[in-house]
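Residue numbers (our numbering): 42 to 283.
One structure below.
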């Protein structure tokens with residue numbers, strides 16, 4: 042399995058490989074939040090690029106609406122982009138229309154470019170995602186959502202963890218650098234927390250009062266769930282016995 046890392050959504054057309062699995066990664070916090078939603082019983086998530094689409098589609102479909110811009114929940118939405126909001130009582134059995142500053146945009150860009158097999162990955166469902174990719178026997182492009190077109194450290198850490206734990210081949214410079222980054226700074230939970238506190242996005246979360254989300258987002262393999270895009274909706278798949 043060859044592993045490639047696209048460092049920002051704007052560059053995805055240069056990384057697109059028609060037969061590869063594309064994993065959308067937005068560790069702080071969209072992909073981690075989506076995993077949390079399914080872990081607490083959500084039925085499906087429809088990712089849209091804009092807040093306008095989220096409000097219109099959510100009302101039309103009668104779903105929950107999750108919408109965030111610049112870390113803050115939009116006033117028309119029932120949910121924002123923090124994993125702690127997605128409780129069983131609120132999301133179990135429900136569908137959600139979802140938009141965030143970076144993560145959902147990355148997903149729609151990959152879809153528009155013709156990616157055929159799109160997953161959403163987080164550290165919290167890392168091994169399950171690796172298992173799915175191994176079973177497929179195909180190459181993987183990790184698409185880092187970043188922050189408004191810029192690189193984000195936390196998404197690069199995911200790519201390094203994926204390369205190491207999967208045993209796949211880090212096949213471009215970005216993937217090789219992230220593998221070294223993970224080995225050097227992030228193999229332990231304490232190491233990850235210490236290192237990620239130097240990142241730009243940690244500072245944004247701290248300023249907005251969401252520092253408590255960071256340890257959760259840095260936790261490995263909390264859930265055996267694969268998030269896969271199917272006919273416009275993310276749906277959960279459970280590969281291993283609970």
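From the three backbone atoms N, C-alpha and C, an ideal C-beta is built for every residue, glycine too.
A quick note: this is a predicted structure, and the numbers were derived from the prediction, not measured.
Closest Cα partner of residue i within the set the options
i: residue 170; options: 214, 263, 59 and 274; result: 263
i: residue 66; options: 219, 163 and 224; result: 163
i: residue 273; options: 207, 90, 46 and 174; result: 90
i: residue 269; options: 174, 230, 253 and 178; result: 174
i: residue 245; options: 261, 110 and 211; result: 110
i: residue 44; options: 250, 249, 226 and 218; result: 218
i: residue 105; options: 209, 121 and 194; result: 121
i: residue 277; options: 47, 58, 57 and 84; result: 84
i: residue 221; options: 165, 231, 198 and 239; result: 198
i: residue 63; options: 195, 196 and 182; result: 182
i: residue 47; options: 150, 230 and 271; result: 150
i: residue 255; options: 243, 159 and 249; result: 243
i: residue 146; options: 250, 252 and 52; result: 52
i: residue 228; options: 130, 201 and 99; result: 201
i: residue 252; options: 42, 70 and 78; result: 70
Range of the contiguous alpha helix (DSSP H) that encloses residue i
i: residue 128; result: Premise fails: residue 128 is in no alpha helix (DSSP H) and is neither H nor E.
i: residue 255; result: 254 to 258
i: residue 271; result: Run containing residue 271: none in the alpha helix (DSSP H); it sits in the beta strand (DSSP E), 267 to 271.
i: residue 205; result: 194 to 207
First through last residue of the beta strand (DSSP E) which encompasses residue i
i: residue 214; result: Per DSSP, residue 214 belongs to no beta strand (DSSP E); it is in the alpha helix (DSSP H), 214 to 226.
i: residue 238; result: Premise fails: residue 238 is in no beta strand (DSSP E) and is neither H nor E.
i: residue 65; result: 62 to 66
i: residue 45; result: 43 to 47
i: residue 277; result: 274 to 278
C-alpha distance - residue i paired with residue j, whole-angstrom precision
i: residue 257; j: residue 123; result: 10 Å
i: residue 236; j: residue 259; result: 11 Å
i: residue 215; j: residue 266; result: 26 Å
i: residue 137; j: residue 107; result: 7 Å
i: residue 168; j: residue 206; result: 8 Å
i: residue 95; j: residue 103; result: 11 Å
i: residue 178; j: residue 224; result: 25 Å
i: residue 82; j: residue 76; result: 10 Å
i: residue 114; j: residue 125; result: 13 Å
i: residue 57; j: residue 212; result: 14 Å
i: residue 240; j: residue 133; result: 33 Å
i: residue 116; j: residue 271; result: 29 Å
Whole-number beta carbon distance between residue j and residue i, since they are thought to touch under 8 Å
i: residue 49; j: residue 185; result: 6 Å
i: residue 80; j: residue 139; result: Between residue 139 and residue 80 the Cβ distance is about 15 Å, and since that is not below 8 Å, they are no contact.
i: residue 72; j: residue 187; result: Incorrect: roughly 12 Å between the Cβ atoms, too far for contact.
Which runs of the alpha helix (DSSP H) at least 4 residues long sit entirely within the region 135 to 181? Give them in chain order. Fully enclosed alpha helix (DSSP H) runs of 4 or longer: 144 to 153 and 167 to 177.
Fully enclosed by the region 69 to 106, which beta strand (DSSP E) runs are 3 residues long or longer? Within the region 69 to 106, the complete beta strand (DSSP E) runs of at least 3 residues are 85 to 88.
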